[in-house]
Amino acid sequence: MKKRLVLFLMLMVQFFMAQNKVEDYLHLGSKYRFDNKDYELVWSSHPASNFYKQEYILPNENVEKYKRLILIDFIEGDLDPKDVLSGLANSLENSKKQNPVINYKVYEKNNEYMIDFIMSENSQDGKDVLILERNVYRYFRINTPKRKGILLFGVSDRAYTKKEMDNMFSVLKNNKLELVNKVAKIEVPKIK
Numbered sequence: 000m001k002k003r004l005v006l007f008l009m010l011m012v013q014f015f016m017a018q019n020k021v022e023d024y025l026h027l028g029s030k031y032r033f034d035n036k037d038y039e040l041v042w043s044s045h046p047a048s049n050f051y052k053q054e055y056i057l058p059n060e061n062v063e064k065y066k067r068l069i070l071i072d073f074i075e076g077d078l079d080p081k082d083v084l085s086g087l088a089n090s091l092e093n094s095k096k097q098n099p100v101i102n103y104k105v106y107e108k109n110n111e112y113m114i115d116f117i118m119s120e121n122s123q124d125g126k127d128v129l130i131l132e133r134n135v136y137r138y139f140r141i142n143t144p145k146r147k148g149i150l151l152f153g154v155s156d157r158a159y160t161k162k163e164m165d166n167m168f169s170v171l172k173n174n175k176l177e178l179v180n181k182v183a184k185i186e187v188p189k190i191k
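End of the sequence shown = 191 in numbering that gives the first Met the number 0, gap-free, step of one.
Given below as structure tokens:
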């Protein structure tokens with residue numbers, strides 16, 4: 000019985016270690032520089048044969064409770080960035096019925112698309128905002144000999160306390176375009 004328990008525990012440890020392994024599917028490296036800060040690759044996923052996801056946070060942050068997260072997704076295929084963005088915009092529009100905090104703005108320039116949106120996670124009774132999240136996503140069409148599809152570069156900022164949320168709303172009111180402009184200026188991440 001004791002041997003079975005030890006074997007079971009060893010298998011569980013291996014399972015959880017395998018779950019925590021972070022794979023650089025897009026070959027961008029273990030660090031990604033944005034806004035003069037180095038973000039570390041902390042999570043990745045390959046949930047479908049044509050879909051890859053990678054997330055980066057600052058070294059002193061936790062992926063479960065981050066202040067800023069960089070996300071880079073790639074969907075392989077003959078896709079139009081406008082269609083991918085429209086899917087997200089439609090989803091946000093439908094969610095606004097249950098969550099009045101949701102708001103978004105779409106930007107288009109030279110056949111490139113961006114969306115700036117805010118959303119929240121609320122308490123069960125809907126009276127309290129638990130997490131306030133602002134996201135700025137930029138969609139790139141990738142068409143190289145090795146890869147064809149849509150690359151999403153996103154910045155996700157979160158607030159958890161009333162003070163942090165008030166600060167986020169203040170930034171949105173007084174300096175909303177700062178983050179949008181920073182995301183608009185990044186070079187297309189060189190995936191392989």
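Just so it is clear, CB atoms sit at the ideal spot from N, CA and C, and this is done for glycine as well.
From a predicted model like this one, the values you see are computed outputs, not experimental measurements.
- Excluding five sequence positions before and after Asp72, the CB atoms of its chain that fall closer than 6 angstroms to its own CB belong to Lys52, Leu151, given in chain order.
- Its chain contains Asp115, Val154, Leu178, Val179, Val182 as the residues whose beta carbon lies nearer than 6 angstroms to that of Val135, once the 5 sequence neighbours on both sides are disregarded; these appear in chain order.
- If you check the CB distance, Ser122 and Leu129 come in under 8 angstroms.
- Non-local C-beta neighbours of Asn49 in its own chain, meaning closer than 8 angstroms and more than five positions away in sequence, comprise Ile74, Glu75, Gly76, Gly148, ordered along the chain.
- Leaving aside the five residues that flank Met164 on each side, the residues in its chain whose CB is nearer than 6 angstroms to its CB run, in chain order, Leu131, Ala158.
- When beta bridges are read from the DSSP output, Glu39 appears opposite Lys30, Ile56.
- C-alpha of Val41 to C-alpha of Gly125: approximately 31 angstroms in a straight line.
- Ala88 and Leu68 have their C-alpha atoms spaced approximately 21 angstroms apart.
- Taken atom to atom, the span from the alpha-carbon of Asp23 to that of Lys30 is near 10 angstroms.
- In this structure, the alpha-carbon of Arg140 lies about 6 angstroms from that of Pro80.
- Spanning the alpha carbons of Lys20 and Ala47 requires a straight line of approximately 18 angstroms.
- For Asp115, the three-state secondary structure derived from DSSP is strand.
- Secondary structure note for Asn89: it is in no beta strand (DSSP E), and the uninterrupted alpha helix (DSSP H) holding it is 80-94.
- A distance below 7 angstroms between beta-carbons, with the five flanking residues on each side excluded, links Pro188 to the following residues of its chain, in chain order: Leu27, Ile71, Leu150, Phe152.
- If you look at Leu151, you'll find it in the beta strand (DSSP E) that goes 147-158.
- Between Lys36 and Asp156, the C-beta gap is not smaller than 8 angstroms, which leaves the two residues out of contact.
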